[in-house]
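When we follow the numbering used here, the leftmost residue of the sequence shown carries the number 691, and every step to the right adds one.
For each residue, glycine too, the CB sits at the ideal point set by N, CA and C.
If you're wondering where the values come from, they're calculated on a predicted model, not measured in any experiment.
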Amino acid sequence: MEKKKIKEYTNYLINNQLSENTIKKYKRESEELESYLKNKKPTKENIISYLEILQKKQYKKTTLNNKIICINKYIKYISKDPDNKKGLTLKPIKTQAREIPNAITQQEYDRIMKQAKTKGTPRDVIMLQLFLNTGIRVSELKFFTVESLKKGYMEIKNKGKYRIVPLAKKLIKQGKEYAKKNNINQGSIIISNQKTPISRATVFRRLKYLGGQARIKKSKLHPHSIRHLFAKNYLHDNKDDILRLADILGHESLETTRIYTKLDTDELRKTIKYRG
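See the structure below:
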């Protein structure tokens, strides 16, 4: 019975297109929990008892929180209780709060986009839409290709690691229209006038210009700030699915991703599914 549940859960993770390392991590934690439960149904009492056992092993707080995130995901799956109405999931261990430095807001992004559409170029527009709807890094722009539009996702290879970043249907449509207008039939879509990959310096220069026109603080005018906004928006739209977000962003540790769960709820209520 235990092996059957683990196998079904593993297939569930695979179907969600998670990375191999993430699946291994979640499978391992679910196996350890099942070994403790010994085919018993999870209850508030036995889950808390399991946490106490983990705490006695003196893991670092970040390691323990990674385990808690994995355990919570599995509990929600086997209890068929995604909204945690039964109160079975564990609360993360408190760690020193980490602030997201100079994070841009949705309203500020919208002001920058308005400037891109009136004073910028079509490339500025598609580039901003790409950053906001994928959370990719500047160095990963080259993976936004004609081929990725056909597949519906980007295949990003970075530092010897590989991950998949899904593309929204509207972004795919905008990408195809931009590529067609600029006679881009293959390879990278966001390129320089010399048909080479756009440079990091050019990206920063364009963002600072458009942000300046929108009267946004200079300290917020960098692509990583939009990456932060993507993460916050993603968690809002996807019921705090930190597991999938960590995979999309390419985070090794879920603790890195967990910073985005400490959000201003009033700000998030104003967000929408597709942005651009």
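Limits of the alpha helix (DSSP H) - the one that residue i falls within
i	result
Lys-809	796-809
Tyr-767	751-768
Ile-916	913-927
Ser-720	710-727
Asn-823	812-824
Extent of the continuous beta strand (DSSP E) run through residue i
i	result
Ile-846	843-848
DSSP state of residue i mapped onto helix, strand, coil
i	result
Pro-732	coil
Ile-938	helix
Thr-700	helix
Thr-779	coil
Glu-957	Here the model assigns Glu-957 a pLDDT of 42, short of 50, so the residue's position is not dependable, and the following value carries that caveat. Helix at Glu-957.
Leu-748	The sequence shown places Gln at residue 748, not Leu. The answer is coil: DSSP assigns Gln-748 none of H, G, I, E or B.
Gln-864	helix
Gln-707	coil
Ala-869	helix
Ile-738	helix
Ile-743	helix
Lys-910	helix
DSSP beta-bridge partners of residue i
i	result
Val-855	Met-844
Ile-881	Pro-887
Thr-892	In DSSP, Thr-892 forms no bridge with anything.
Thr-835	Ser-878
Nearest-angstrom Cα separation, counted from residue j out to residue i
i	j	result
Glu-957	Gln-805	With a pLDDT of 42 at Glu-957, under the threshold of 50, the modelled position of this residue cannot be trusted; read the value that follows with caution. Between Glu-957 and Gln-805, the C-alpha separation is close to 22 Å.
Lys-907	Asn-923	21 Å
Tyr-899	Ala-891	12 Å
Leu-708	Lys-695	18 Å
Leu-953	Leu-727	Any answer about Leu-953 is weak, because its pLDDT of 46 lies below 50 and its placement is not dependable; what the coordinates show is given next. Cα-Cα distance, rounded: 34 Å.
Leu-839	Ile-854	13 Å
Gly-877	Leu-861	17 Å
Gln-745	Leu-780	13 Å
Lys-750	Pro-782	12 Å
Arg-967	Leu-754	Limits of the chain in this structure are 691 at one end and 966 at the other, which puts residue 967 out of reach.
Lys-960	Gln-797	Residue placement at Lys-960 cannot be trusted, given a pLDDT of 42 that sits under 50; the coordinates are not used to answer.
Pro-990	Ala-869	There is no way to answer for residue 990, as the model of the chain reaches only from 691 to 966.
Arg-936	Asp-927	As written in the sequence, residue 936 is Ala, which differs from the Arg given in the question. For Ala-936 and Asp-927, the distance between alpha carbons rounds to 15 Å.
Lys-866	Asn-873	10 Å
Phe-894	Phe-920	18 Å
Lys-730	Lys-763	17 Å
Ser-882	Ile-713	38 Å
Gly-777	Asn-705	26 Å
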